[in-house]
Amino acid sequence: MTSANSVPETLLVTVTGRDRPGISARLLSTLSVFPVTIADLEQVVIGGRLLLGALLAVDERVAPGVRRERLFEEIRSAVSKLAVDLDMVVDFSGDGERVRPDGNRLDVTIMGAPLRPGAVGAIASCVARAGANIDRIERLANYPVTALSLSLAGADMEQLRADLALEAVTQSVDVAVQPSGLHRRSKHLVVMDVDSTLIQCEVIELLAQYAGCGDEVARVTEEAMRGELDFEESLRRRVALLKGLDASVLEQVREKMVLTPGARTLIRTLKRLGYECAIVSGGFTQLTDYLVEELDIDYSAANVLEIVDGKLTGEVVGPIIDRRGKAEALKRFAAEAGVPLSQTVAIGDGANDLDMLQAAGLGVAFNAKPVVRAHADTSVNVPYLDTVLFLLGISREEVEAADRVGLPQ
Numbered sequence: 001m002t003s004a005n006s007v008p009e010t011l012l013v014t015v016t017g018r019d020r021p022g023i024s025a026r027l028l029s030t031l032s033v034f035p036v037t038i039a040d041l042e043q044v045v046i047g048g049r050l051l052l053g054a055l056l057a058v059d060e061r062v063a064p065g066v067r068r069e070r071l072f073e074e075i076r077s078a079v080s081k082l083a084v085d086l087d088m089v090v091d092f093s094g095d096g097e098r099v100r101p102d103g104n105r106l107d108v109t110i111m112g113a114p115l116r117p118g119a120v121g122a123i124a125s126c127v128a129r130a131g132a133n134i135d136r137i138e139r140l141a142n143y144p145v146t147a148l149s150l151s152l153a154g155a156d157m158e159q160l161r162a163d164l165a166l167e168a169v170t171q172s173v174d175v176a177v178q179p180s181g182l183h184r185r186s187k188h189l190v191v192m193d194v195d196s197t198l199i200q201c202e203v204i205e206l207l208a209q210y211a212g213c214g215d216e217v218a219r220v221t222e223e224a225m226r227g228e229l230d231f232e233e234s235l236r237r238r239v240a241l242l243k244g245l246d247a248s249v250l251e252q253v254r255e256k257m258v259l260t261p262g263a264r265t266l267i268r269t270l271k272r273l274g275y276e277c278a279i280v281s282g283g284f285t286q287l288t289d290y291l292v293e294e295l296d297i298d299y300s301a302a303n304v305l306e307i308v309d310g311k312l313t314g315e316v317v318g319p320i321i322d323r324r325g326k327a328e329a330l331k332r333f334a335a336e337a338g339v340p341l342s343q344t345v346a347i348g349d350g351a352n353d354l355d356m357l358q359a360a361g362l363g364v365a366f367n368a369k370p371v372v373r374a375h376a377d378t379s380v381n382v383p384y385l386d387t388v389l390f391l392l393g394i395s396r397e398e399v400e401a402a403d404r405v406g407l408p409q
């Protein structure tokens, strides 16, 4: 603490006013003639208004024994004149250096549609109760949801993630907590479930409609997705009901598959930014192969329906892609891509996605069942798959820029 008669160790210069080009350059140029170092520098623009703060410390190597009081007074005078020229407001305070609490640096993403002040305030209060300090808040997107990124330090990630998950439910927002820095943007492989994630339906239920057993198949599917029934058993029971169905129906089902809103944007943006994409499905290759070609997917794994003489036999052939199979596929894809598991993202909605979500560096429960949300790293509860981009720190502006550049996929 600085006493009334002591000289501050640092000087915080804060400039506010209408944003326009060159303000940061002018301020830093003005400061460059003084023997000081930049201890911290932050700039935020909101609603066309700029807030620029520079925390200055004396550079003893350049000016040993310099009188800080006189130096800081000269800086105040020079910056005040600059502020008049720029029609800005300037503020000065001593010993402005923030004391960063011990603990990991974290990024917290908040998403809502709409995102209300009370919800953001509740999340901020939860962060404060955890003993963490919010250093910066940035807007990542205002469409199709409003997404904010909070950079903070001083909290245990797992405990904060658990606390914020509860608060997110109360506030009806989505919240993700991740390590800060390059770790967040270093994900290079994104693996997605298909039914009710990449597409808006369960393909086996579409097949069942043609076989006249839709209600029974839907009931077994729901039991499996809730984790009440072993997936392999449920799959074999449902496929058995399709016995005798003409294989030509598969083409009709392909035409009925509808992508989840934002699916194309998600994959297109990831590909243009250098990511690799994969799909894993408890469904069938006869349908997922179409998605692989349509969306330029890099890797895929699904079950194979047995077809004899143009008819479904009611059996599947080869290994079953179940809960364990999805996790193994994720690991196989990562090995083929040369990507460590810590740099993978998995997205899914059902209980059979849990092992995959937990194996990935970031597991995202997408409009998922409660049991899945409870065990995933984070959850997304809006119907837009491209909001996953914001969890990776990719802003709406970057999405639009990638589209404008139109790099080859």
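The opening residue of the sequence shown carries number 1 in full-length UniProt numbering; numbering runs sequentially from there. The C-beta atom is built at its ideal place from N, Cα and C for all residues, glycine as well.
Check: residue i C-beta below 6 Å from any heavy atom of the ligand HEM
i: Glu397; result: As for the ligand HEM, it is missing from this structure, which has no ligand bound.
DSSP three-state assignment for residue i, whether helix, strand or coil
i: Thr14; result: strand
i: Lys311; result: strand
i: Tyr210; result: helix
i: Ala113; result: coil
i: Cys277; result: strand
i: residue 426; result: Not covered by the structure: residue 426. The range shown for the chain is 1 to 409.
i: Arg237; result: helix
i: Asn104; result: strand
i: Thr285; result: helix
i: Gly121; result: helix
i: Glu205; result: helix
i: Arg139; result: strand
i: Leu198; result: coil
i: Ser300; result: strand
Outcome for residue i when other beta-carbon atoms lying within 10 angstroms are tallied against a minimum of 16
i: Asn142; result: exposed
i: Gly348; result: buried
i: Thr170; result: exposed
i: Asp87; result: exposed
i: residue 445; result: Since the first residue shown for the chain is 1 and the last is 409, residue 445 is missing from the structure and cannot be characterised.
i: Gly350; result: buried
i: Arg373; result: buried
i: Glu74; result: exposed
i: Ile110; result: buried
i: Arg238; result: buried
i: Val258; result: exposed
i: Ile279; result: buried
i: Glu202; result: buried
Best match in the options for proximity to residue i [C-alpha to C-alpha]
i: Val108; options: Pro114, Ala124, Gly118; result: Ala124
i: Gly17; options: Ala327, Gln43, Glu158; result: Gln43
i: Glu222; options: Tyr210, Ile204, Tyr299; result: Ile204
i: Phe333; options: Leu28, Leu189, Val90; result: Leu189
i: Leu106; options: Asp353, Arg136, Val145, Ala365; result: Arg136
i: Leu82; options: Ile23, Gly214, Arg49; result: Ile23
i: Pro35; options: Glu60, Met225, Val15; result: Glu60
i: Ser151; options: Ile307, Val79, Ala374, Gln178; result: Gln178
i: Ala329; options: Val317, Ala360, Val308, Glu315; result: Ala360
i: Pro319; options: Ala346, Ala335, Phe284, Ile307; result: Phe284
i: Val79; options: Leu31, Leu166, Asn133; result: Leu31
i: Glu251; options: Tyr290, Cys213, Arg264, Gly274; result: Tyr290
i: Ala132; options: Asp91, Asp156, Ser149; result: Asp156
i: Arg254; options: Arg236, Val217, Ala240, Asp195; result: Asp195
i: Pro340; options: Leu362, Asp353, Arg324, Gly325; result: Leu362
i: Leu166; options: Glu202, Val127, Thr197, Ser149; result: Val127
i: Val89; options: Val220, Val13, Val62; result: Val13
Residue i versus residue j - alpha carbon distance
i: Asp322; j: Ser342; result: 22 Å
i: Asp298; j: Cys277; result: 5 Å
i: Glu397; j: Leu389; result: 11 Å
i: Leu45; j: Asp19; result: Here the sequence assigns Val to residue 45, which means Leu is not the residue at that position. One C-alpha to the other measures close to 7 Å.
i: Glu69; j: Met356; result: 60 Å
i: Pro101; j: Leu392; result: Legend: pLDDT at Pro101 = 42, less than 50; position of this residue unreliable, value from coordinates given subsequently. Going from the Cα of Pro101 to the Cα of Leu392 covers about 25 Å.
i: Ala153; j: Asn104; result: 6 Å
i: Lys331; j: Glu138; result: 34 Å
i: Glu306; j: Gly338; result: 33 Å
i: Val191; j: Val308; result: 32 Å
i: Lys256; j: Gln200; result: 10 Å
i: Gly314; j: Pro114; result: 46 Å
i: Glu216; j: Phe231; result: 15 Å
i: Glu97; j: Leu50; result: The predicted model places Glu97 with a pLDDT of 44, which falls under 50 and marks its position as unreliable; any figure quoted below should be read in that light. If I take the Cα positions, the gap works out to 21 Å.
i: Val316; j: Thr260; result: 27 Å
i: Val304; j: Ser248; result: 16 Å
Short Cβ contact (7 Å threshold) for residue i with residue j
i: Thr10; j: Leu55; result: yes
i: Leu295; j: Ile267; result: yes
i: Gly262; j: Tyr384; result: yes
i: Ile146; j: Gly112; result: It is worth fixing the name first, because residue 146 is Thr in this sequence and not Ile. Cβ atoms of Thr146 and Gly112: closer than 7 Å.
i: Leu242; j: Ala211; result: yes
i: Leu41; j: Val15; result: no
i: residue 421; j: Asp174; result: Residue 421 lies beyond the range of the chain shown here (1 to 409); nothing can be said about it.
i: Thr378; j: Val364; result: yes
i: Thr269; j: Ala402; result: yes
i: Lys369; j: Met225; result: yes
i: Leu312; j: Leu245; result: yes
i: Ala63; j: Thr37; result: no
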